[in-house]
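In what follows, a structure is listed as structure tokens, so that the remarks can point back to it.
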Amino acid sequence: MEKSEAYLEESKTVIATQTLRYNARGEVEKSLAPFEAAGLDTYSPNHPTGAGTTFTYDALGRLLRQTNPDNTSRSTSYPGFLTTLIDEAGNQRITVQDAYGRTSSEWLYEGQGGAAILKLKRSYTYDGLQDTGVVGLGSMERHTVTLDDNSNTTLALFYDRLGRKRLSKDPDSGGVSGP
195 MEKSEAYLEE SKTVIATQTL RYNARGEVEK SLAPFEAAGL DTYSPNHPTG
245 AGTTFTYDAL GRLLRQTNPD NTSRSTSYPG FLTTLIDEAG NQRITVQDAY
295 GRTSSEWLYE GQGGAAILKL KRSYTYDGLQ DTGVVGLGSM ERHTVTLDDN
345 SNTTLALFYD RLGRKRLSKD PDSGGVSGP
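Just so we're aligned, residue 195 is where the sequence shown starts under this note's numbering, counting upward by one.
Below, the structure is given as structure tokens:
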């Protein structure tokens, strides 16, 4: 199944179309983005080489690989509670989730293989209801983020029972701020 979309660009009467190809499960399999033909005010939905962005999914519908028209790609793997994303430049983002599906830690690496350098580590904790210390707000769920970026910054975020962020305490900004 293919779907094409057309739109006008600014005040010109230029029409561009994008073609999306779907697999049997309704996931985007290929995206053919519009490109401008040399010197013309027309766009074609098909790249002259037939290149487009292709997507590959696992049986659970999670994105495994995105291959771009220039043949670069990004890949994602999901072993256990880990999610590992490797971008087009070979940089890695490793995310660990707890049993509730919440992020518990995250590592960002620059570079490939043995030359990869840890650039940032984040740790997340999720507390039960905590007193915010702010008159009128009472108790809320606290979500604490600790950044290990040589400054060891700890940011506390408070959420109401509907999951909306209501308050943040950031030592770098010098205090407390509302939503």
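For glycine and all other residues, C-beta sits at the position ideal for the given N, C-alpha and C.
What you are looking at is a predicted structure, and each value in this text was computed from that prediction instead of being measured.
DSSP, read as helix, strand or coil, puts residue 218 in coil. In chain order, 224 and 261 place their CB closer than 6 Å to the CB of residue 248, counting only its own chain and leaving out the 5 sequence neighbours on each side. DSSP, reduced to helix, strand and coil, places residue 309 within a helical segment of the structure shown. Rounded to the nearest angstrom, the Cβ distance from residue 272 to residue 286 is 14 Å, too far for a contact under 8 Å. One Cα belongs to residue 317, the other to residue 310, and the distance between them is close to 20 Å. Annotation for residue 352: the continuous beta strand (DSSP E) segment containing it runs 347–353. For residue 268, the three-state secondary structure derived from DSSP is strand.
When only Cα atoms are considered, residue 307 and residue 269 end up about 15 Å apart.
Contact check for residue 284 against residue 305 passes: the beta carbons are separated by less than 9 Å. For residue 303, the enclosing beta strand (DSSP E) starts and ends at 297–304.
The secondary-structure analysis by DSSP pairs residue 251 across a beta bridge with 257. Residue 288 and residue 297 do not touch by the CB rule: their CB atoms are close to 11 Å apart, not below 8 Å.
Taken through DSSP and simplified to helix, strand or coil, residue 282 comes out as coil. Sorting 301, 267, 320 and 321 by C-alpha distance to the C-alpha of residue 312 places 301 at the top. Annotation: residue 215 to residue 245 spans about 13 Å, alpha carbon to alpha carbon.
Under the DSSP definition of a beta bridge, residue 287 partners with 279 and 302.
Here residue 251 has 221, 257 and 258 as same chain residues with Cβ atoms under 7 Å from its own Cβ, once five neighbours each way along the sequence are excluded. Our two residues, residue 280 and residue 362, have alpha carbons roughly 31 Å apart in a direct line. In its own chain, leaving out the 5 sequence neighbours on each side, no residue places its CB closer than 7 Å to the CB of residue 357.
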